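Have a look at the structure below before the remarks.
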Amino acid sequence: MGAPDDGSRATIRAVAALAGVSPSTVSRTLNNPELVNAETRRRVLDSADRLGYQPNRAAQSLVLGRTMSVGLIVPDIGNPFFAPFIKGVEAYFRDKGYAVFLADTDEDAVTEVALAEAMIERADGLILCSPRMSGTRLRSLAAKTTMVMANRLSRTVPSISMDVRPGIEQAVSHVHALGHRRCAFLGGPRDSWSNRQRRRFLEAGCAARGIELVELGPYEPRFSGGFRAADEVLAANVTAVFAYNDLVALGALSRLQARGVAVPGEIGLVGFDDIPMASMVSPPLTTIAVPIPAVARTAAAMLLALLGKEAGLPSGPAALTSASAVSAAAPPPPSAPELATRLVIRSTTGPT
Numbered sequence: 001m002g003a004p005d006d007g008s009r010a011t012i013r014a015v016a017a018l019a020g021v022s023p024s025t026v027s028r029t030l031n032n033p034e035l036v037n038a039e040t041r042r043r044v045l046d047s048a049d050r051l052g053y054q055p056n057r058a059a060q061s062l063v064l065g066r067t068m069s070v071g072l073i074v075p076d077i078g079n080p081f082f083a084p085f086i087k088g089v090e091a092y093f094r095d096k097g098y099a100v101f102l103a104d105t106d107e108d109a110v111t112e113v114a115l116a117e118a119m120i121e122r123a124d125g126l127i128l129c130s131p132r133m134s135g136t137r138l139r140s141l142a143a144k145t146t147m148v149m150a151n152r153l154s155r156t157v158p159s160i161s162m163d164v165r166p167g168i169e170q171a172v173s174h175v176h177a178l179g180h181r182r183c184a185f186l187g188g189p190r191d192s193w194s195n196r197q198r199r200r201f202l203e204a205g206c207a208a209r210g211i212e213l214v215e216l217g218p219y220e221p222r223f224s225g226g227f228r229a230a231d232e233v234l235a236a237n238v239t240a241v242f243a244y245n246d247l248v249a250l251g252a253l254s255r256l257q258a259r260g261v262a263v264p265g266e267i268g269l270v271g272f273d274d275i276p277m278a279s280m281v282s283p284p285l286t287t288i289a290v291p292i293p294a295v296a297r298t299a300a301a302m303l304l305a306l307l308g309k310e311a312g313l314p315s316g317p318a319a320l321t322s323a324s325a326v327s328a329a330a331p332p333p334p335s336a337p338e339l340a341t342r343l344v345i346r347s348t349t350g351p352t
């Protein structure tokens, strides 16, 4: 049928008449779809699509006291690690009738704070993914807006993080079984909570197995950082390397190969994140896989639950991921759930 061809704008009453429901049901479907059963929701959305109905966002904001938008801030949009997180958050909120505003901080904490402050005025809530700013700044922001952190845990700010321990334990055990006893860690950004967590569990795992761990860096968490790190790896006289992330690992692999160093024959290499390129290089990269889509869905559900609580509405979708401590009936507590990582063994690790 399409949009009206007489120059008129489709109305909510017209959608209601076509769908065989009340105007209030149409409004509820568009603004809080989780409150409407699936069949009714389908009829309303199909009718709105056939009529070309477009909700008046400005009017919705005035009536609901909400912008129907959320902000998402990531450290580096060029890092493939963040792509599935961004897509997961956007897909989740698109289904709930929200727009997502995306910002990239270029790994800079000052820029991150400025962008977050700007988004507070324009969005109902924020998701900060792998934030670099200080805990004091985070608490200050959380006092001004509804906020969820991803890939960083906090006792005072709702947060969700992957659990790096299982993957790191598996990686250290794997390297130890191959005979490596002197390894390096190529550290990431100094201000990164994730970097501190990865280093902490690597140190513990290596110490428990009698492996000497040499920390190098910090390096920028990009291909160029790993490329630069490779020369320092060779000078450190190690037989295996744990990289902060896959991009650093891939940069190191490129430089080592350029210098004629056999991987894994002379040096073993383990990445972190399992980005798509990790399985495409030669040799394919052994790495620690992270459940980013699940983290994205959980972070989005946590934020929606909090927004629903503030608006006095039933919060969030009917179900969240099983690893989440959040429920549809209650907003998330300050302490956050964690999702497990796992080792993916490919071809950059071998016996010493």
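Residue 1 is where the sequence shown starts when you use full-length UniProt numbering, and the numbers rise one by one after that.
By construction, the Cβ of each residue, glycine as well, lies at the ideal position given by its N, Cα and C atoms.
All figures in this text were calculated on a predicted structure; none of them were measured in a lab.
Quiz item: Are L102 and A116 close, meaning C-beta to C-beta below 8 Å?
Solution: Here residue 102 is taken as the residue at index 102 of the sequence shown, counted from 1. Here residue 116 is taken as the residue at index 116 of the sequence shown, counted from 1. Against a cut-off of 8 Å, the Cβ pair of A116 and L102 comes out as no contact.
Practice problem: Rank P158, P276, A301, R137 by C-alpha distance to the C-alpha of V290 and give the top, closest one. | Solution: Translated into the one-based positions of the sequence shown, residue 290 becomes position 290. Measuring from the Cα of V290, the nearest candidate turns out to be P276.
Quiz item: So what's I345 in DSSP terms, helix, strand or just coil?
Solution: On the sequence shown, residue 345 is found 345 positions in, with the first residue counted as 1. DSSP places I345 in coil when its eight states are reduced to three.
Quiz item: Is it right to say A237 is buried, meaning 16 or more other beta carbons lie within 10 angstroms of its own, or is it exposed?
Solution: Numbered from 1 along the sequence shown, position 237 holds the residue referred to as residue 237. Inspection of the sequence shows that residue 237 is occupied by Asn rather than by Ala. Classification for N237: exposed.
Quiz item: Contact check, A123 vs S69 under 8 Å by CB: the rounded distance?
Solution: Position 123 of the sequence shown, counted from the first residue, corresponds to residue 123. Position 69 of the sequence shown, counted from the first residue, corresponds to residue 69. That pair is a contact at about 5 Å.
Self-check item: Three-pair Cβ contact test at 8 Å for the region 215–226 versus the region 177–193
Solution: yes
Self-check item: Between the CA atoms of E203 and M133 - distance to the nearest angstrom
Solution: Counting from one through the sequence shown, the residue named residue 133 turns up at place 133. Counting from one through the sequence shown, the residue named residue 203 turns up at place 203. Approximately 24 Å, taken between the alpha carbons.
Quiz item: Hey, how far is the Cα of S282 from the Cα of V295?
Solution: For this step, residue 282 is matched to residue 282 along the sequence shown. For this step, residue 295 is matched to residue 295 along the sequence shown. Going from the Cα of S282 to the Cα of V295 covers about 29 Å.
Quiz item: Can you tell me the Cα-Cα spacing of D163 and G225, whole angstroms?
Solution: As a position in the sequence shown, residue 163 is number 163, starting the count at 1. As a position in the sequence shown, residue 225 is number 225, starting the count at 1. Straight-line Cα distance between these residues: approximately 25 Å.
Quiz prompt | Residue-chain proximity (I12, chain C), Cβ-Cβ < 8 Å | solution = Among the chains of the structure shown, chain C does not appear; only one protein chain is present.
Practice problem: Leaving out five residues on either side along the sequence, give the residues of the same chain with a beta carbon under 6 Å from the beta carbon of K144. | Solution: As a working note, residue 144 is residue 144 in the sequence shown. Same-chain partners within the cutoff: I120.
Practice problem: Find the nearest neighbour of Q200 within the set G179, Y244, R139, judged by alpha-carbon distance. | Solution: As a position in the sequence shown, residue 200 is number 200, starting the count at 1. As written in the sequence, residue 200 is Arg, which differs from the Gln given in the question. Out of G179, Y244, R139, Y244 has the C-alpha closest to the C-alpha of R200.
Self-check item: Whole-angstrom distance between A38 and A19, CA atom to CA atom
Solution: The residue given as residue 19 occupies position 19 in the sequence shown. The residue given as residue 38 occupies position 38 in the sequence shown. Between A19 and A38, the C-alpha separation is close to 13 Å.
Exercise. May I have a chain-ordered list of the alpha helix (DSSP H) segments no shorter than 4 residues that lie completely inside the UniProt domain "HTH lacI-type" (10–64)?
Key: 12–19, 23–31, 38–51, 57–64
Quiz item: Among F85, A252, V110, which has the Cα closest to the Cα of V100?
Solution: The residue given as residue 100 occupies position 100 in the sequence shown. It is F85.
Practice problem: Report the option in P264, R43, D76 whose CA atom is closest to the CA atom of H180. | Solution: Taking the sequence shown and counting its residues from 1, the one referred to as residue 180 is at position 180. Answer by Cα proximity: P264.
Exercise. Within the same chain, show all residues whose beta-carbon is closer than 7 Å to that of R13, passing over the 5 residues directly before and after it, in chain order.
Key: Taking the first residue of the sequence shown as position 1, residue 13 is located at position 13. P23.
Exercise. Would you list the one or two residues that DSSP bridges to G268?
Key: For the purposes of this step, residue 268 is taken as residue 268 along the sequence shown, with counting starting at 1. Answer is A240.
Self-check item: Rounded C-alpha distance that separates Y98 from G71
Solution: Translated into positions along the sequence shown, residue 98 becomes position 98. Translated into positions along the sequence shown, residue 71 becomes position 71. Going by the C-alpha atoms only, they are around 10 Å apart.
Self-check item: T286, enclosing beta strand (DSSP E) - first and last residue
Solution: Translated into the one-based positions of the sequence shown, residue 286 becomes position 286. T286 -> beta strand (DSSP E) spans 286–289.
Exercise. Assign D231 to one of three DSSP states: helix, strand, or coil.
Key: The count along the sequence shown starts at 1 and reaches residue 231 at position 231. The answer is helix: DSSP assigns D231 an H, G or I state.
Quiz item: Of the residues I73, D106, M280, which one's Cα is nearest the Cα of E90?
Solution: One-based indexing of the sequence shown puts residue 90 at position 90. Among I73, D106, M280, the Cα nearest to that of E90 is on I73.
Quiz prompt | Of the residues N151, A114, G125, the one placed nearest R137, counting alpha carbons only | solution = The residue labelled residue 137 in the question sits at position 137 within the sequence shown. Comparing Cα-Cα distances from R137 to each of N151, A114, G125, the minimum goes to A114.
Practice problem: Taking R43 as the reference, give the member of A17, A109, P55 with the closest Cα. | Solution: On the sequence shown, position 43 is the one that residue 43 refers to. Closest by alpha carbon: A17.
Self-check item: Beta-carbon contacts of R196 that lie in its chain and below 6 Å, excluding the five residues immediately before and after
Solution: The sequence position of residue 196 within the sequence shown is 196, counting from 1. Contacts found: none.
Quiz item: Just checking my contact of L307 with T146 at CB under 8 Å: how many whole Å lie between their CB atoms?
Solution: Start at 1 with the first residue of the sequence shown, and residue 307 comes out as number 307. Start at 1 with the first residue of the sequence shown, and residue 146 comes out as number 146. At roughly 6 Å, the Cβ-Cβ gap stays under 8 Å, so L307 and T146 are in contact.
Quiz item: Start and end of the beta strand (DSSP E) containing V71?
Solution: Along the sequence shown, read from residue 1 onward, the residue named residue 71 stands at position 71. The amino acid at residue 71 is misidentified as Val; the sequence shows Gly. That run of the beta strand (DSSP E) goes 69–74.
Quiz prompt | Same chain, Cβ closer than 8 Å to A207, five either side skipped, listed in chain order | solution = Position 207 of the sequence shown, counted from the first residue, corresponds to residue 207. L213.
Quiz item: Contact check, R139 vs I168 under 8 Å by CB: the rounded distance?
Solution: For the purposes of this step, residue 139 is taken as the residue at position 139 of the sequence shown. For the purposes of this step, residue 168 is taken as the residue at position 168 of the sequence shown. Rounded, the Cβ-Cβ distance is 28 Å, inconsistent with contact.
Quiz prompt | Paired residues, beta bridge with M149 - DSSP | solution = The residue labelled residue 149 in the question sits at position 149 within the sequence shown. In the DSSP output, where bridge partners are listed per residue, M149 has L128, S159.
Quiz item: For R94, which option in N31, V36, F81 has the closest C-alpha, if you only look at C-alpha atoms?
Solution: As a working note, residue 94 is residue 94 in the sequence shown. That would be N31, whose Cα lies nearest to the Cα of R94.
Quiz item: Measuring CA to CA, which of S27, P33, V15, S173 is closest to D49?
Solution: The sequence position of residue 49 within the sequence shown is 49, counting from 1. Among S27, P33, V15, S173, the Cα nearest to that of D49 is on V15.
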